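Protein chains in written order, with our numbering: chain A, 8 to 568; chain B, 280 to 597.
(1) Which of the three DSSP states, helix, strand or coil, is assigned to residue 548(B)?
(2) Give me whichever residues DSSP pairs with residue 562(B) in a beta bridge.
(3) If you count every other CB in all the chains shown that lies within 10 Å of the CB of residue 100(A), and 16 or more means buried, which is it?
(4) Identify each residue in the segment 243-275 of chain A for which the Cβ-Cβ distance to at least one residue of chain B is less than 9 Å, and report them in chain order.
(5) Taking its Cβ as the centre, do 16 or more other Cβ atoms sit within 10 Å of residue 396(B), making it buried, or is it exposed?
(6) Tell me which same chain residues have a C-beta within less than 7 Å of the C-beta of residue 500(A), skipping the five on either side of it?
(7) Would you check if the segment 554-565 of chain A and the segment 196-205 of chain A touch, i.e. whether three or more CB-CB distances between them fall below 8 Å?
(8) So, for residue 582(B): in the same chain, excluding its five sequence neighbours on each side, which residues have a beta-carbon less than 8 Å away from its beta-carbon?
(9) According to the Cβ coordinates, are residue 212(A) and residue 382(A) closer than 8 Å?
(10) Decide yes or no for the touch test of the segment 442-451 of chain A against the segment 397-406 of chain A: beta carbon pairs closer than 8 Å, at least 3 of them.
(11) Give me the Cα-Cα distance between residue 430(A) and residue 325(A), rounded to the nearest whole angstrom.
(12) Output the boundary residues of the alpha helix (DSSP H) element that contains residue 380(B).
(13) Taking Cβ-Cβ distances shorter than 9 Å, what residues in chain B pair up with residue 281(A)?
(14) Below 8 Å on the Cβ atoms is my guess for residue 228(A) versus residue 81(A); work out the distance and round it to an integer in Å.
(15) Shorter than 7 Å, the distance from the beta carbon of residue 346(B) to the closest heavy atom of the ligand NAP, or not?
(16) Which residues in chain B have a C-beta closer than 7 Å to the C-beta of residue 415(A)? List them in chain order.
(17) Would you list the one or two residues that DSSP bridges to residue 356(A)?
(18) For a contact meaning CB atoms closer than 9 Å, what does residue 310(B) contact in chain A?
(19) Is residue 120(A) helix, strand or coil when you go by DSSP?
(20) My guess is that residue 422(B) and residue 474(B) are in contact by the Cβ rule of under 8 Å, so how many angstroms apart are they, rounded?
(21) Determine the extent of the alpha helix (DSSP H) in which residue 478(A) is found, giving its start and end residues.
(22) Consider the Cβ of residue 232(A): report whether some Cβ of chain B lies at a distance smaller than 8 Å.
(23) Judging by CA-CA distance, which residue of 262(A), 264(A) and 303(A) is the nearest neighbour of residue 281(A)?
(24) Helix, strand or coil for residue 267(A), going by three-state DSSP, please let me know.
(25) Contact between the segment 291-308 of chain A and the segment 499-513 of chain A: three or more CB pairs below 8 Å?
(26) Alpha carbon to alpha carbon, how far is residue 65(A) from residue 261(A)? Give it in angstroms, no decimals.
(27) Give, in chain order, every residue of the segment 72-98 of chain A whose Cβ lies closer than 8 Å to some Cβ of chain B.
(28) Beta-carbon of residue 164(A) versus every beta-carbon of chain B: anything under 8 Å?
(29) So which residues of chain A does residue 592(B) contact, with C-beta pairs closer than 9 Å?
(30) Just mark residue 102(A) as buried or exposed, buried being the case when its beta carbon has 16 or more other beta carbons within 10 Å.
(31) In chain A, what lies closer than 7 Å to residue 430(B) by C-beta?
(32) Are three or more beta carbon pairs between the segment 462-480 of chain B and the segment 430-437 of chain B nearer than 8 Å?
(33) Going by alpha carbons, who is nearest to residue 368(A) out of 306(A), 435(A), 473(A) and 318(A)?
(34) Report yes if the C-beta distance between residue 184(A) and residue 268(A) is below 8 Å; otherwise report no.
(35) Tell me where the alpha helix (DSSP H) around residue 395(A) begins and ends.
(36) Under 8 Å between beta-carbons, which chain B residues line up against residue 285(A)? List them in chain order, please.
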């Protein structure tokens with residue numbers, strides 16, 4: 008069921024171009040409220056609305072979720088934990104929870120249009136939306152929220168400023184219309200506004216009133232949202248209770264009366280709480296607990312959801328011997344990714360990916376990847392080629408190479424040890440491991456004072472990999488920790504940014520991946536998947552379909568109790 | 280007596296000052312600060328150097344060290360322990376909230392250790408070289424050797440895999456719901472209590488054997504005092520002196536040192552808070568928690584000395 012709506016041809020074409028392979032379901036018609044007065048949810052959704060996929064969805068109950076529940080502050084744009092706080096806020100557009108987060112659907116914007124040059128987005132805002140304090144929602148709130156990102160006031164540090172640099176200006180055409188003008192086309196912009204995984208980068212709409220009253224700094228106040236839930240109770244470091252927003256614009260949502268988010272710091276404990284009925288679900292538990300639940304059959308739903316993050320070995324391209332592409336390529340070919348994914352699998356679910364999350368629609372398929380040099384399990388030809396390259400670079404059988412340092416933190420120490428053994432066995436490359444605290448890795452990344460750095464620094468908040476590549480692989484990009492520089496790759500990336508046609512974009516991504524395979528700027532060792540666990544009574548979230556992790560909202564969830 | 284207590288309290292001031300200086304400068308010497316963790320969280324939260332400098336300024340981390348230290352001391356004297364950077368909560372509230380849980384676990388564990396350890400040690404000593412003694416010593420060695428965190432994990436596994444049961448995961452205080460609160464703290468208290476009880480039993484046995492061979496005990500027996508009275512009045516009271524010292528110090532350690540067991544049972548106590556703060560470089564939290572631990576140990580030591588005087592009147596406070 009999910010979203011149903013009418014689309015103008017122009018919107019449809021622009022939308023498809025705007026979100027890559029993701030289908031865009033947006034409504035240009037007026038919103039029709041659904042939901043019966045009998046207390047049972049409607050089985051069909053009106054245009055621009057979303058419903059639980061099950062026809063027999065019930066109302067009531069409290070959904071208990073275990074997970075991280077601490078926040079540095081309450082301002083999502085200044086580091087406030089969005090997986091917690093996004094239960095009470097809305098965005099202009101959102102991911103469809105019923106189709107596995109594959110499509111972008113309306114949220115506070117009931118419809119949108121994209122100009123033919125791909126630079127102007129015009130959002131039509133919903134009527135009758137109020138913040139939790141009763142203040143009516145208007146375009147001024149959107150402008151105030153986004154203007155603060157573009158020009159943060161003194162003392163306000165907006166973490167989203169970097170990715171929002173693609174925006175030239177934000178204007179309110181009238182109280183119900185907002186226009187966002189980009190500096191250049193960015194086909195991933197709509198998906199970006201959804202907040203993607205909501206793990207670290209969400210774009211909630213705050214009220215102008217709250218921003219004005221607090222001098223644009225919401226770190227110390229829980230600003231009212233417009234979401235399906237509003238904050239009822241918060242015991243610091245223990246739990247949050249979000250209760251149904253009875254004034255929510257969509258009267259059919261949410262199904263449950265409240266969401267209780269219980270702070271449980273450790274992954275195993277999050278899952279055991281579900282196993283023992285202390286909680287209804289957790290988004291991320293330990294592998295062992297997840298497997299235990301899976302073995303118990305029908306009482307639980309245990310699914311693996313891509314986290315859009317990878318374990319990586321960042322190779323310093325500016326340090327000898329890695330200035331020579333042949334050395335990097337040799338390592339790229341020689342390592343056994345199947346073996347390394349197995350090591351990662353001891354603590355978390357993982358799979359082999361190329362240069363983007365495997366769940367990205369433009370990703371190379373697992374079948375294709377399994378036949379590619381460097382990725383395939385049959386290593387004989389790859390090893391021969393790797394040894395030849397190393398020899399050509401002046402290091403036959405690893406001779407003449409100074410010991411290479413593998414820098415890591417305790418989190419990745421086992422994987423690093425495995426990589427060390429791979430390099431020794433495959434290419435006779437001698438390495439030494441230096442383990443430091445994870446908090447101290449960032450200065451090392453920044454200063455480039457490492458040979459190879461093993462960590463999890465290749466993560467995206469959305470399935471479209473354009474921002475990921477821009478951030479980690481473009482020459483001189485802020486997170487280009489490997490100091491990779493390729494004019495050829497940058498040109499492909501420029502074309503990806505400007506190309507609205509889906510098929511052409513996919514071809515360009517394939518071209519980019521080929522360049523990266525050839526240049527081997529660093530190593531992707533395994534893309535992780537979170538072990539999500541639900542009691543079978545939790546419905547409405549279509550977790551088994553999800554192509555990426557997303558912690559909030561859960562407004563379509565219902566309890567079959 | 281009052282003068283002694285006052286003198287001891289005054290003497291604790293330089294001790295506590297020393298602790299504050301040590302922890303303050305130790306945190307500044309160790310590389311990394313709270314902002315390092317923000318940047319380490321992920322590529323999408325990478326701050327520019329200007330943003331880092333702004334944030335550092337807003338936290339007061341750019342001020343000279345002596346100014347930072349004096350500012351902290353001034354706040355502490357006013358009763359303001361500041362806010363946790365990562366929990367976004369006044370540290371005083373964290374200490375009160377979590378300290379109650381840790382305190383409850385510590386008290387329960389200590390009571391359990393005394394209830395089990397002292398009688399066991401006593402019986403073992405009085406039944407020396409009998410089957411009871413051998414069995415008791417075997418159990419004592421077993422529970423001394425077994426790592427508490429491993430034992431804790433074992434209990435949790437049995438709870439989950441066999442009984443599909445876990446205590447409440449939301450912190451519940453005794454005055455809110457005594458049963459739920461006891462369910463939550465019983466696990467860690469049991470594991471920690473057994474570990475301390477084993478040492479207590481061993482100590483009680485050896486000191487009892489030592490005291491039982493003293494002249495005054497033989498004299499008491501020769502005078503015709505009953506066996507029970509000899510043990511109760513003359514042996515046990517004197518044998519307990521080192522046990523009191525051990526139990527008192529254990530109590531202090533239990534408040535902050537039972538991290539692994541707290542973690543295994545998922546009990547949000549002070550120990551877990553300190554480890555989290557250390558890993559996240561939450562300086563203010565670390566400084567103030569260490570200061571609190573220092574105060575607790577000073578207080579526990581004082582109470583131990585006073586208990587000595589009660590148990591052994593020969594000890595004078597003057």
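Glycine included, each C-beta is placed from N, C-alpha and C at the ideal position.
The model shown is predicted, which means the values in this text are computed figures rather than measured ones.
Quick answer:
(1) coil
(2) BP columns for residue 562(B) are empty, so no partner.
(3) buried
(4) 243, 244, 245, 246, 267, 269, 270, 271, 272, 273 and 275
(5) buried
(6) 476, 477, 481 and 519
(7) yes
(8) 527
(9) no
(10) no
(11) 20 Å
(12) 370-405
(13) Simply none; closest approach about 10 Å.
(14) 6 Å
(15) Among the ligands in the structure shown, none appear at all, so the ligand NAP cannot be discussed.
(16) In chain order: nothing, as chain B lies at least about 13 Å away.
(17) 536(A)
(18) 443, 444, 446, 447 and 450
(19) strand
(20) 6 Å
(21) 473-479
(22) no
(23) 303(A)
(24) strand
(25) no
(26) 10 Å
(27) 73, 77, 78, 79, 80, 81 and 86
(28) yes
(29) The contacting residues do not exist; residue 592(B) stays about 47 Å from chain A at best.
(30) buried
(31) Per Cβ cutoff of 7 Å: no residues; residue 430(B) is ~17 Å from chain A at best.
(32) yes
(33) 473(A)
(34) no
(35) 387-399
(36) 445, 447 and 448
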